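Read through the structure below, which is laid out as structure tokens, and then see the notes.
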Amino acid sequence: MSTKEVKAALKSAREAIRNKEYKEALKHCKAVLKQEKNNYNAWVFIGLSAAELQQPDQAKAAYKKAVELEPNQLLAWQGLANLYEKSDQSDVKEDLVDVYRKLLELYESGDEQKWSDVCNKLVDLYHQEKKYPEVAETWQKLIAVKQEKGADKAELHQLWRKMIRLLKDSIQNRDNKTEQALVTAFERAVDSVDTVPSDDHQRLYKDFIQCLSKLPHEAARLEQACKGMMTLYPDCSYPLEVLGLHFIQSGALSEEALQCFAKLLEMDASSGPGIIGLGVKYLQEKKYKEAVKSLTEGLQQTGRCPAAWGYLAEAQMKIHSCSAAVLSCNQALKAFGTAEGETLRWKNRTLQLKAEALIKIADADAAEEAIKTLDQIAEAGSNPVVLALRGQAYLNKGLMDEASKIAQELLLCHPDVAESHALQGCIHYSQKNYEQAERSFLKAIERKADSAEYHQSLGLTYWFMSDDTRKDKGKAATEFLKAAKLDSYMGSAFRSLGNYYRDIAGDKTRARGCFRKAFELDGTDEESGTAAVDLSMELGDMDTALWILKEVTEKANPGAAKWAWLRRGLFYLRTDQPSLAVSDLQAAVRADPKDPNCWESLGEAYLNRRSYLTALKAFRRASELNPELVYSAYKAASIEQILGKYESAVATYQEILKNTQDYVPALQGLGECYLLLARSALNNYFDRK
């Protein structure tokens with residue numbers, strides 16, 4: 001076949017394709033290839049015809065052959081692009097990317113519109129595959145080309161906005177180059193809005209600030225953007241709120257931050273960030289209860305602020321609300337997510353705070369959770385304070401060997417750290433080695449004299465060491481006073497002082513005051529509450545006693561606060577108010593159904609109310625729970641006697657006298673029952689009965 005014949009065959013193939021006679025076109029092309037196997041146009045026509053005949057593999061092979069022959073010719077690349085675009089196979093996307101790249105290269109110096117169309121297609125493909133760095137690079141190149149060609153402001157604005165839409169989901173990938181591209185797109189878009197101020201511009205500015213708030217390393221830009229929006233839109237609280245949360249997260253409350261919070265609260269008294277900022281200010285001023293109140297209220301408005309949850313946990317720890325602090329730490333840790341940089345520092349701090357709270361709860365389950373929490377702290381093994389916490393957790397769990405091992409390691413490697421000596425002191429204290437404990441706590445206090453906890457531990461050591469150290473005012477009592485002065489929220493210090501004033505100094509008034517203070521600080525401290533009530537009653541201050549009991553019973557959950565219900569019930573018994581006594585003593589029984597004393601007191605209340613049958617049941621239940629309660633058995637027998645059940649009463653009296661022969665009330669009751677039985681027999685004419 002001559003050159004002239006080859007040209008004629010190619011012309012026939014082109015005509016056949018135009019007429020959609022693709023099989024005919026293939027025949028002409030194959031005839032050409034027999035003569036010229038490297039004929040570019042023949043391979044392109046085969047690719048096109050095979051594609052139309054639904055033979056994608058043959059089409060792909062033909063186009064690729066053409067590309068090999070003439071890599072800088074457009075036709076084959078365009079054919080490949082069309083073929084891949086129509087394919088529903090996922091594995092062709094990488095090939096399509098390569099094709100688009102080559103087309104961009106070929107169109108770059110020629111057809112601007114086609115170059116833009118291919119650029120858009122390539123970006124969409126990258127976006128589908130979540131290849132955000134490639135999206136950013138390609139779209140920036142498109143914008144640069146448009147700028148070179150003199151695109152107007154409106155067109156460029158739309159291109160920047162599309163770039164924002166394309167990259168808005170890229171933040172979670174943490175790619176610095178892509179993040180910078182997104183921030184730049186926002187800046188250009190915000191600056192190129194036609195009408196300022198306007199609703200559209202305000203929404204865009206808001207989205208920009210929201211984007212920056214998710215980028216920890218863009219703090220300066222965030223502050224600048226917030227201030228810029230505040231200048232343009234002074235009535236909009238959003239930039240102030242974001243700026244406020246930024247100040248909270250940064251942990252530094254400058255004068256500017258305080259002004260921000262004040263302005264927020266001025267604009268909206270229920271602003272979450274404003275109230276949280278006020279709470280952080282209270283925390284720094286050591287107004288811990290006010291801090292807890294404000295932070296809790298603020299977090300109800302703005303829940304996802306991990307730093308605020310951390311501050312709340314810190315404030316709760318300062319007032320010794322350990323269980324609440326654990327819950328706050330959990331909320332903070334949930335909000336942190338993947339942590340790095342400053343966020344990682346916050347996360348480690350929160351984990352440590354949670355572990356401290358769990359250790360202060362001081363039970364085995366909490367200790368186990370504390371150990372798991374400490375395991376999550378980054379580089380925990382090199383931090384002596386964290387190691388000391390682990391040792392304390394082991395001690396709470398009863399793992400003495402593990403705790404001692406950590407203490408020895410700390411004393412060897414970190415002898416100047418107060419926590420090393422405090423842990424050793426706690427171990428000695430738990431083993432009742434009080435003299436060694438004293439030495440360790442004194443060393444801890446030398447290194448950290450402002451620790452109320454160390455002074456309290458030393459005071460308890462003196463309390464249990466001997467009668468002399470307990471009575472020595474310069475020992476136990478002095479340390480308890482120092483602890484209470486250093487930490488006015490430490491209820492245990494005031495309870496210990498109450499014990500000292502009551503048992504050693506004999507000062508019931510001061511003791512009552514200390515126990516009351518301890519109970520006000522910790523409403524779950526049953527020992528302090530009980531002591532405060534009992535001492536108030538001894539001192540004749542019934543108003544204080546009843547106030548404490550009322551406070552407890554009003555807040556108590558069902559089945560709780562037995563001691564308070566019991567004491568108030570007994571008070572009502574003594575003051576001849578049996579109906580009120582019954583109500584309270586029933587609550588005491590519900591709190592502890594197996595306490596025979598509660599049943600006995602309830603029986604007494606029923607008896608005073610003349611509810612004989614229920615009183616009888618209560619006394620019998622008390623006797624069942626504790627057969628040695630002679631009084632309950634006697635009262636049961638006396639009620640049977642009142643009810644005329646003389647024979648049953650006799651049997652009960654006799655049972656009592658078997659164990660307690662000289663129990664006078666039972667002897668008297670037995671005699672009366674015999675007399676009553678005799679009288680009954682005479683009345684019924686049963687002589688000699």
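With the UniProt record's numbering applied, the sequence shown corresponds to residues 1 to 689, in that order.
Glycine included, C-beta positions come from ideal geometry on N, C-alpha and C.
Keep in mind that this is a model prediction, so the values were computed, not measured.
Practice problem: Assuming W77 and V67 form a contact by the criterion Cβ under 8 Å, report the distance between their Cβ atoms to the nearest whole angstrom. | Solution: 7 Å
Quiz item: Are the beta-carbon atoms belonging to L344 and I377 less than 8 Å from one another?
Solution: no
Quiz prompt | Sequence-distant residues of its chain with Cβ nearer than 6 Å to A452 (five each side left out) | solution = A483, L486, D487 and M490
Quiz prompt | C-beta atoms of S90 and P56 nearer than 8 Å | solution = no
Quiz item: Is N396 helix, strand or coil when you go by DSSP?
Solution: helix
Self-check item: V582 beta carbon near the ligand NAD (any heavy atom closer than 7 Å)
Solution: Absence of the ligand NAD is noted for the structure shown, with no ligands found whatsoever.
Practice problem: Note down, in chain order, each residue of its chain lying with its Cβ closer than 7 Å to the Cβ of L283, except the 5 sequence neighbours on either side. | Solution: A291, Y311, E314 and A315
Quiz prompt | Bounding residues of the alpha helix (DSSP H) (the contiguous stretch that carries G381) | solution = Note, G381: premise wrong, no alpha helix (DSSP H); not H, not E.
Quiz item: When you compare each of S2, K293, L159 and E105 to V32 by their alpha carbons, which one comes out closest?
Solution: It is S2.
Quiz item: If you draw a straight line from the C-alpha of I406 to the C-alpha of A366, how long is it?
Solution: Distance from the CA of I406 to the CA of A366, rounded to the nearest whole angstrom, comes to 19 Å.
Quiz item: Helix, strand or coil: which one does DSSP assign to R609?
Solution: Coil at R609, not helix or strand.
Self-check item: Boundaries of the alpha helix (DSSP H) in which E297 is found, first to last residue
Solution: Y288 to Q301
Practice problem: Can you say whether H217 is buried or exposed, counting buried as having 16 or more other CB atoms within 10 angstroms of its CB? | Solution: In the assembly as shown, H217 is an exposed residue. Its beta-carbon has fewer than 16 other beta-carbons within 10 Å.
Quiz item: Roughly how many angstroms separate the alpha carbons of A444 and A422, rounded to a whole number?
Solution: 5 Å
Exercise. Ignoring anything shorter than 3 residues or poking outside the stretch 304–365, list the beta strand (DSSP E) runs there in chain order.
Key: Taking only runs of at least 3 residues, no beta strand (DSSP E) segment lies wholly in the stretch 304–365.
Quiz item: What is the DSSP secondary structure of A66, reduced to helix, strand or coil?
Solution: helix
Practice problem: Determine the contact status of A511 and L535, defining contact as a CB-CB distance below 8 Å. | Solution: Taking 8 Å as the Cβ cut-off, A511 and L535 qualify as a contacting pair.
Quiz item: K508: which of E266, E479 and G540 sits nearest, CA to CA?
Solution: G540
Quiz item: So what does DSSP say about A59, is it helix, strand or coil?
Solution: helix
Quiz item: Taking the alpha helix (DSSP H) that I377 falls in, what are its first and last residues?
Solution: Per DSSP, I377 lies in no alpha helix (DSSP H) segment and is marked neither H nor E.
Quiz item: Run through DSSP, which three-state label would Q54 get?
Solution: Reduced to three states, the DSSP call for Q54 is coil.
Quiz item: Between which two residues does the alpha helix (DSSP H) containing D98 stretch?
Solution: K93 to Y107
Quiz item: Which residues in the same chain as I275 place their Cβ atom closer than 6 Å to its Cβ, once the five residues preceding and following it in sequence are excluded?
Solution: Once the five neighbours on either side are set aside, the close Cβ partners of I275 are S294, E297 and G298.
Quiz prompt | DSSP state of L215 mapped onto helix, strand, coil | solution = coil
Quiz item: With a Cβ-Cβ cutoff of 8 Å, do V630 and Y606 count as a contact?
Solution: Result no, Cβ atoms of V630 and Y606 do not sit closer than 8 Å.
Self-check item: Exposure of F464, with buried meaning 16 or more beta-carbon neighbours within 10 Å
Solution: exposed
Quiz prompt | Extent of the continuous alpha helix (DSSP H) run through T461 | solution = A452 to M465
Exercise. Kindly indicate the opening and closing residues of the alpha helix (DSSP H) around I248.
Key: Y238 to S250
Quiz item: By the 10 Å Cβ neighbour count, where 16 or more other Cβ atoms means buried, how is N38 classified, buried or exposed?
Solution: exposed
Quiz item: Hey, F619 and A636 are a contact pair by Cβ (cut 8 Å); roughly how many whole angstroms apart?
Solution: 4 Å
Quiz prompt | Other residues of its chain near G47: CB distance less than 6 Å, five sequence neighbours each side excluded | solution = A59, A62, Y63 and G79
Quiz prompt | Between the CA atoms of E672 and N659 - distance to the nearest angstrom | solution = 20 Å
Exercise. Classify Q661 as buried or exposed, calling it buried when 16 or more other Cβ atoms lie within 10 Å of its own Cβ.
Key: exposed
Quiz item: Roughly how many whole angstroms lie between the Cα atoms of P71 and W160?
Solution: 34 Å
Quiz item: Which two residues bound the contiguous alpha helix (DSSP H) that contains I427?
Solution: A418 to S430
Self-check item: Rounded distance between the beta-carbons of L125 and V99, thought under 8 Å
Solution: V99 to L125, Cβ: 10 Å. No contact.
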